[in-house]
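Structure record follows, encoded as structure tokens.
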Amino acid sequence: AGDLALYCLMLADDALVYSHRLSEWCSNAPDLEEDLAIANVALDLLGQARLLLARAAAADPSIVPALPDGSPVPPEDALAFFRRDPQFRNVRLAELPNGDFAELIARLLVFSAARLALFERLAGSRDAVLAAVAAKGVKEMTYHRDFAGRWFLTLARGTEESRTRLEAALVGVLRLESELFETHEVESRVATAGVGVDPATTAAEVDAVLSQVFAVSGIERPRVNPLAGLAGRKGRDGAHTEALSRLLAEMQVVAREHPMGRW
Amino acid sequence: AGDLALYCLMLADDALVYSHRLSEWCSNAPDLEEDLAIANVALDLLGQARLLLARAAAADPSIVPALPDGSPVPPEDALAFFRRDPQFRNVRLAELPNGDFAELIARLLVFSAARLALFERLAGSRDAVLAAVAAKGVKEMTYHRDFAGRWFLTLARGTEESRTRLEAALVGVLRLESELFETHEVESRVATAGVGVDPATTAAEVDAVLSQVFAVSGIERPRVNPLAGLAGRKGRDGAHTEALSRLLAEMQVVAREHPMGRW
Amino acid sequence: MTQVVDERELEASFERTIAHNDRIEPRDWMPDAYRNSLIRQIAQHAHSEIIGMQPEANWITRAPSLRRKAILLAKVQDEAGHGLYLYSACETLGVSRDDLTRRLIEGRQKYSSIFNYPTLSYADVGTIGWLVDGAAICNQVPLCRTSYGPYGRAMIRICKEESFHQRQGYELLTTMMRGTDEQRALVQESVDRFWWPALMMFGPSDEQSANTEQSMAWGIKRHTNDELRQRFVDMTVPQAQALGVTLPDPDLVWNEERGAYDFGTPDWDEFWAVVKGDGPCNAQRVAHRRRAWDEGAWVREAATAFAASQQTSEVR
Amino acid sequence: MTQVVDERELEASFERTIAHNDRIEPRDWMPDAYRNSLIRQIAQHAHSEIIGMQPEANWITRAPSLRRKAILLAKVQDEAGHGLYLYSACETLGVSRDDLTRRLIEGRQKYSSIFNYPTLSYADVGTIGWLVDGAAICNQVPLCRTSYGPYGRAMIRICKEESFHQRQGYELLTTMMRGTDEQRALVQESVDRFWWPALMMFGPSDEQSANTEQSMAWGIKRHTNDELRQRFVDMTVPQAQALGVTLPDPDLVWNEERGAYDFGTPDWDEFWAVVKGDGPCNAQRVAHRRRAWDEGAWVREAATAFAASQQTSEVR
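Here it is as structure tokens:
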């Protein structure tokens, strides 16, 4: 498959899979305000995923899974609902099963800070679609990061329990942080072409943002080693955790039952 | 579909679906002895389900979902993996999501006491296969019921917490107890034909068994009303809870991905 | 004596406001019975929005297209928003949201019984939009003119969004009807399950309804249950015909004389069983809400503690 | 003085037993270092059985045929059984199962690193049977003759069942290879992932292995890591050929001179990362066990309380 298409899948799958996890919170948040806010974040990411999947399909139609002749399923849905887990290109951070609210906040902070820094650069992409998606996404991710940052501070300085839970959640999230900044060969090539962004170039900026949040919150950043891959292969290579195939089984069940369906 | 086939599906689906719930306990039990015992029960029920599904398919091949030409999937698997939830005939008790260990014990006690009483009668079926399945099942269900009964007593007389949990679990389980003894029109006809058993004829005996367990355990039987159906339709009619379609999405995902697969 | 006179004057003023179809506002005097009746009604309405999120949220993760997933997620989010407005309206009557939530999860306050039915296929998402939101709109549009100001204003906003949801639901069903045979069967099966429960959403028939008369006198309610039910049936039958589904009522027939549809009698035994807590999902819905609330306790406590610490530092 | 002499005599007797390849039994005297080394080894083995349930249990609910579901469920059940025998063997050395479990969930004792790799398709169920159980058997068969009686006897029973599991795993893979292209691709992909981790199951190469020499002197271990690894490779390559899969090692080639296969070097950096806790699933596996153990605490307490109350009433 073409580099641009694969690159769009990476950006799309991060958003699609993490949006799924966030949407699992729906009707389960600590209070209505958070239920609304989390749904908002999930919706923004879902919107990004749709545009990016469509761009991927347009860039290289050969990546779109084949469906029966005459199927009305649009490319974005064929990609979302008819790929298996080894074909998903998201980082493993996106697919982790949900933990408690502290885990939600810790993960969202790291995810949105990284994606925001990436999108700020991607807004200058030579690809007009990617540039537009990124420009719109910058506003969205800024809100997501601020929401997570405010709650991070609140939990850090709230109660003994909230602080303990936040610290525990951070260990699991930070183990998967570095994967966000590892340069995949596809990313390297699209960056050279001026179409994409090498995520490694955002690492220092994101680190500075997180350091500030930690400092203001009075939380010491836990030192953790990154989670090993499978013979070096990680999410971007299609090597995932056990959680992703279960997530997809649920996400895809209705769509797959109706390959000729209209929705 | 023929009555015998539908009747076999009812008995099979109770076993198959409940076996699935029990197998979810695997590697999650309070200690190794219970992990072994629960897996045993799940295996026994799975074995019953396989024989009963095969009998259903033999009695009326038209009930077996159609698969692509040349598919090597045997009838028992076509029935297990290629029906949707409205085609499942199990009682809703079998499909409830798992609760804690007290819920496991309360549900298993009720389920196995009812199925044992049924199988004792079914061993006299005019259908040789059903009679054989039932005769073998009687030994199995006796063990299941005794396992549940011993733990019921243990939890009832163990600690304050175990007793409280057991009482809480009973409310949910007993709401679905009466569905086990309601006579479906299919059951009524196969009973008349001497092939099946009208479950209503076992209600008094099961009630006596449960009353004795409650009495020995010093637990007062909670008075609960039965869970309403959907315009009177319940599990035996294919009207299930929200949990069944999720259970099936998981159970069927691999099989459905490979309709031509050999396993 | 002065106080008695004052109270009489206040009551007279209250009655005049009601009679002129003007709004009662939070700071106005109002009879305790009026206040309590409103609290009960608004809270029940707020609870319905919040509990009503569950049957639809059940399908968000399984939505069969990304477009439908976005629509559904936004809709359930709107319901949380409606819950928020309504709890706020209720708080103007002097009860806190926490308090109301506790009444819900302890089973002391009710919510619309329709949400005690399960959602069993993606068609239910459409059917809930079409029939359930449709029935809700029939119930709620008159409440935009209800006598209590904050409630009426909340209802105006909510009704607007509900109409939008209803159209989206109907649009999903029409799309599915243009799809495969299996999809059409799903729509019909879903309508079969939801038709009667939707009719029951208007409450028992007028002879059996305890609250109607007083609520109408106070302008909290503006039409009887049976009037609203008839209006809903008359509105819905042509839509069903356009959609191509059969409504599961053999007695449903146009009555030229009345200029309205005759229809069968809902199963009121089932209605009362569900109201009393024995519906297919009552226990599940309340347990879900209780679990979410309990699991969120530490978060709410942290927010409170943090806010208090911020105020302290601001004071310094 | 007497005691010192006794201790010397005991030690001499112990050494004689070892030298004659006889069994040490629980009541026999043994050096503390021998006891501790055995506890470590048997506990690690028991933990491996119990943690090893997780990657396979992950697929029970998704097994693609009822026959395979029954086989897998029975296999995972056998592993719980193996854990039971081994904990019992370990208890004869004076540590309780509770104690050992705590050492596991607190990260103070290890288990086989292979279980820190995820299972990502149903083919992994077959590959684990073929390669992982195959490697385990190579490691374990010599332990049937180990110097400590209870351990050796447990191993005899376990090895018998493991061989059965290995054949079942291989049989699943051969069946899948006779299936569709997608199924064959699943098998190859699974073998690609598990080959190197299976080779690492024999531990670091002999030069780097700290425990080997003393363990061999005590008859707790009977072959070096590299000897066992070679035996496994020589046994497995023909099976891979029969199956029709490619083992992911370009250096794998028959060495006529040695009468054995040459093969590449495992990625020992990955090995040590996984041993140290940074493998793909270490945290997940231990957290799973800890959660199950913690959630079961009230049940174990109830059982203890009930047993105590029964004894009391028997005494009366």
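Protein chains in written order, with the numbering used here: chain A, 7 to 269; chain B, 7 to 269; chain C, 283 to 598; chain D, 283 to 598. Glycine included, every Cβ here is placed at the ideal spot set by N, Cα and C.
Selected residue, minimal CA-CA separation from residue i, among the options
i, options, result
"Y543 of chain D", "D:C563, D:A555, D:R513", "D:R513"
"R239 of chain B", "C:F446, C:P308, C:T409, C:P400", "C:P400"
"V557 of chain D", "D:R390, D:A301, D:K503", "D:R390"
"P308 of chain C", "C:E495, C:G485, C:S429, C:R449", "C:S429"
"P611 of chain D", "D:S487, D:A590, D:A569", "With chain D covering only 283 through 598, there is no way to say anything about residue 611 of chain D."
"T207 of chain B", "B:A249, B:E173, B:L122", "B:L122"
"H302 of chain C", "C:L402, C:R427, C:Y393", "C:R427"
"W580 of chain D", "B:V259, B:D37, B:L253, B:G76", "B:D37"
"M483 of chain C", "C:T506, C:R511, C:A499, C:Q490", "C:R511"
"E338 of chain D", "D:V414, D:N537, D:L368, D:H327", "D:V414"
"Y393 of chain C", "C:S378, C:G365, C:G376", "C:G365"
C-beta contact flag for residue i and residue j at 8 Å
i, j, result
"L161 of chain A", "P228 of chain A", "no"
"A64 of chain A", "D560 of chain D", "no"
"V23 of chain A", "E101 of chain A", "yes"
"D83 of chain A", "A261 of chain A", "yes"
"G408 of chain C", "L455 of chain C", "yes"
"R242 of chain B", "R95 of chain B", "yes"
"A18 of chain A", "A55 of chain A", "yes"
"A140 of chain B", "A129 of chain B", "yes"
"W412 of chain C", "Y452 of chain C", "yes"
"F158 of chain A", "L110 of chain A", "no"
"G53 of chain B", "A352 of chain D", "yes"
"A174 of chain B", "A255 of chain A", "no"
"V79 of chain B", "L136 of chain B", "no"
"A405 of chain C", "M458 of chain C", "yes"
"F545 of chain D", "D531 of chain D", "yes"
"G244 of chain B", "P92 of chain B", "yes"
"L186 of chain A", "L99 of chain A", "yes"
"L180 of chain B", "V230 of chain B", "yes"
"Q470 of chain D", "T528 of chain D", "yes"
"A418 of chain C", "E444 of chain C", "yes"
"S347 of chain D", "W269 of chain B", "yes"
"A574 of chain D", "G178 of chain A", "no"
"P103 of chain A", "R89 of chain A", "no"
Rounded Cβ spacing between residue i and residue j (contact assumed at less than 8 Å)
i, j, result
"N398 of chain C", "P562 of chain C", "6 Å"
"T165 of chain B", "E583 of chain D", "6 Å"
"I440 of chain D", "L320 of chain D", "Not confirmed; about 16 Å, so no contact."
"V144 of chain A", "L12 of chain A", "Between L12 of chain A and V144 of chain A the Cβ distance is about 23 Å, and since that is not below 8 Å, they are no contact."
"C32 of chain B", "V568 of chain D", "Not a contact, Cβ separation roughly 18 Å."
"T462 of chain D", "H150 of chain B", "The pair is not a contact, with the Cβ atoms about 38 Å apart (cut-off 8 Å)."
Range covered by the alpha helix (DSSP H) that runs through residue i
i, result
"A352 of chain C", "348-373"
"Y13 of chain B", "9-29"
"Y316 of chain C", "314-333"
"W575 of chain D", "564-577"
"R195 of chain B", "191-198"
"I387 of chain C", "379-387"
"A72 of chain B", "Here A72 of chain B belongs to no alpha helix (DSSP H), and DSSP marks it neither H nor E."
"A261 of chain B", "248-263"
"N96 of chain B", "N96 of chain B -> no alpha helix (DSSP H), and no H or E assigned at all."
"A555 of chain D", "550-555"
"I44 of chain A", "38-65"
Extent of the continuous beta strand (DSSP E) run through residue i
i, result
"A129 of chain A", "Note, A129 of chain A: premise wrong, no beta strand (DSSP E); not H, not E."
Beta-bridge pairing of residue i - partner residues as DSSP gives them
i, result
"L236 of chain A", "A:R239"
"D544 of chain C", "C:V535"
"I306 of chain D", "D:Y430"
The ligand PLP heavy atom lying under 7 Å from the CB of residue i
i, result
"L114 of chain A", "The ligand PLP is absent from the structure shown, which contains no ligand whatsoever."
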